[in-house]
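Peer 1: Sharing a structure, written as structure tokens. Questions coming.
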Amino acid sequence: MNSSFQTIVIVPTYNEAENVSPLLERILSLEENVDVLIVDDNSPDGTGEVVDAIAEKNSRVQVIHRTAKLGLGTAYTAGFTHALQHGYDRIITMDADFSHNPRYIPALLRLTETCDLAIGSRYVPGGGVRLWGLHRRLLSHGANLFARSVLGLHAHDCTAGFRCYRAAVLEAVDPHSIRADGYSYLLEMLWRVQKAGFSVAETPIVFTDRRRGASKISQKEIFHAAGTVFRLAFSHGAAPAIKPPPRQTDRLRPSDPS
Ligand SMILES: Nc1nc2c(ncn2[C@@H]2O[C@H](COP(=O)(O)OP(=O)(O)O)[C@@H](O)[C@H]2O)c(=O)[nH]1
Ligand SMILES: [Mg+2]
Numbered sequence: 143m144n145s146s147f148q149t150i151v152i153v154p155t156y157n158e159a160e161n162v163s164p165l166l167e168r169i170l171s172l173e174e175n176v177d178v179l180i181v182d183d184n185s186p187d188g189t190g191e192v193v194d195a196i197a198e199k200n201s202r203v204q205v206i207h208r209t210a211k212l213g214l215g216t217a218y219t220a221g222f223t224h225a226l227q228h229g230y231d232r233i234i235t236m237d238a239d240f241s242h243n244p245r246y247i248p249a250l251l252r253l254t255e256t257c258d259l260a261i262g263s264r265y266v267p268g269g270g271v272r273l274w275g276l277h278r279r280l281l282s283h284g285a286n287l288f289a290r291s292v293l294g295l296h297a298h299d300c301t302a303g304f305r306c307y308r309a310a311v312l313e314a315v316d317p318h319s320i321r322a323d324g325y326s327y328l329l330e331m332l333w334r335v336q337k338a339g340f341s342v343a344e345t346p347i348v349f350t351d352r353r354r355g356a357s358k359i360s361q362k363e364i365f366h367a368a369g370t371v372f373r374l375a376f377s378h379g380a381a382p383a384i385k386p387p388p389r390q391t392d393r394l395r396p397s398d399p400s
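The numbering used here applies: residue 143 is where the sequence shown begins, and numbers increase by one.
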């Protein structure tokens with residue numbers, strides 16, 4: 143499939159020098175003509191310089207350099223702001239460490255032809271997790287069960303970072319208003335998207351733990367997510383009640399004759 147969407151893939155990075163170059167190669171070799179935006183937090187291992195060298199030769203690669211490790215949540219927000227300013231129709235987020243395999247990008251894009259937010263999900267039939275220990279599996283399952291039951295989220299993988307948003311979703315749900323960071327950011331965004339009445343669907347992915355580099359997300363973040371769930375649960379619909387724009391306003395749908 144080679145869709146007519148203008149698509150950008152946002153990849154936040156911190157110390158991913160070993161991963162970023164092969165990842166960009168894989169994404170850019172997809173049949174889908176997607177651009178890539180790396181949001182790097184001044185990684186001490188030189189990730190930013192590696193990306194600069196690639197971006198110099200390839201206009202499909204863009205980079206935002208931030209001055210310090212400012213967190214995953216604000217990295218997404220910076221990426222979303224850039225994507226909207228540059229008129230992209232589809233905005234994909236993924237990790238740099240190959241836990242999110244670029245081969246799922248076409249399925250995510252396809253799914254947004256019929257929904258507003260597509261999630262690459264570990265917890266629907268056909269999905270799964272490889273190379274994670276029991277502890278991390280249990281924490282992730284527990285966090286999802288908890289978020290689903292307390293917040294009434296319909297998705298099975300609420301903390302998944304592999305997503306594809308229609309631009310209209312991010313125009314309506316202002317990413318700057320999201321208070322949480324890390325996994326909690328993803329939870330809060332999903333909650334706001336669902337509350338605003340947008341449709342969410344999942345496509346299975348097999349998530350593999352990173353083979354190179356180290357995880358930056360501490361397990362304490364998973365517990366921090368529990369605090370976010372309570373904050374949202376007791377906010378009694380504090381998320382702005384935004385009416386999603388009608389589907390036909392979506393730009394460049396593949397069926398559009400224009
Ligand atoms: N820009 C930026 N990226 C980050 C930060 N923390 C993590 N990341 C990136 O976010 C993605 C997920 O982080 P990772 O450490 O793999 O988390 P894990 O898979 O949950 O262990 C990776 O691409 C990281 O490089 C941060 O503070 N700033
Ligand atoms: Mg990872």
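C-beta: ideal position from N, C-alpha, C; glycine also.
1. Report the residue from Ser377, Leu329, Val371 whose alpha carbon sits nearest the alpha carbon of Gly215.
2. Is Asn157 buried or exposed, if buried means 16 or more other CB atoms sit within 10 Å of its CB?
3. So, is Gln227 buried or exposed, given that buried needs 16 or more other C-beta atoms within 10 angstroms?
4. I'd like to check one pair, Leu251 with Phe147: are the Cβ atoms closer than 8 Å?
5. Which word fits His242, buried or exposed, when buried means at least 16 other C-beta atoms lie within 10 angstroms of its C-beta?
6. Out of Gln336, Val181, Leu374, point me to the one whose CA is closest to Asp258's CA.
7. Would you report the Cα separation of His277 and Gly284, rounded to the nearest angstrom?
8. Could you round the C-beta distance between Ala220 and Ile206 to whole angstroms and report it? I think they count as a contact, below 8 Å.
9. State the DSSP-derived secondary structure class of His296, mapped to helix, strand or coil.
10. Within this structure, are the beta carbons of Gly262 and Ala302 separated by less than 8 Å?
11. Count the other CB atoms, across all protein chains shown, that sit within 10 Å of the CB of Glu173; report buried if there are 16 or more and exposed otherwise.
12. Can you list, in chain order, the residues of its chain with a C-beta nearer than 6 Å to that of Trp333? Leave out the 5 residues immediately preceding and following it.
13. Check Ser397 in the structure and name its three-state DSSP category.
14. How is the beta strand (DSSP E) around Thr350 delimited, first residue to last?
15. How about Ser357: is its Cβ closer than 7 Å to a heavy atom in ligand 2?
16. Tell whether a beta-carbon distance below 8 Å holds between Thr370 and Ser326.
17. Apart from the five residues just before and just after Gly324, which ones in its own chain have a Cβ nearer than 8 Å to its Cβ?
18. Closer than 7 Å: is that where the CB of Arg352 sits relative to any heavy atom of ligand 1?
19. Between which residues of its own chain and Gly190 is the CB-CB distance below 6 Å, once the five residues before and five after are set aside?
20. Ends of the alpha helix (DSSP H) at Val266?
21. How is Glu158 classed by DSSP in three states: helix, strand or coil?
22. Cβ of Asp231 within 7 Å of any heavy atom in ligand 2?
23. Would you mind listing the alpha helix (DSSP H) stretches within the region 281–338 that are 4+ residues and don't spill past its ends, in chain order?
24. Is Ile206 helix, strand or coil by DSSP?
25. Quick check on DSSP: helix, strand or coil for Gly262?
26. According to the Cβ coordinates, are Glu344 and His298 closer than 8 Å?
Peer 2: By the coordinates alone:
1. Leu329
2. Buried, because 16 or more other Cβ atoms sit within 10 Å of the Cβ of Asn157.
3. exposed
4. Result yes, Cβ atoms of Phe147 and Leu251 sit closer than 8 Å.
5. buried
6. Gln336
7. 10 Å
8. So it is a contact: roughly 6 Å between Cβ atoms.
9. Three-state DSSP puts His296 in coil, outside helix and strand.
10. Between Gly262 and Ala302, the CB-CB gap stays under 8 Å.
11. exposed
12. Leu293, Leu374
13. For Ser397, the pLDDT reaches just 38, beneath the cut-off of 50, and the residue's location in the model is therefore unreliable, although a value from the coordinates is still provided. Coil, per DSSP.
14. 348–350
15. yes
16. yes
17. Contacts found: Gly213, Leu214, Gly215, Ile359, Glu363, His366, Ala367.
18. yes
19. Asp182, His207
20. Neither: Val266 is in no alpha helix (DSSP H) and is coded neither H nor E.
21. coil
22. no
23. 309–314, 324–337
24. Of the three classes helix, strand and coil, the one that applies to Ile206 here is strand, per DSSP.
25. strand
26. yes
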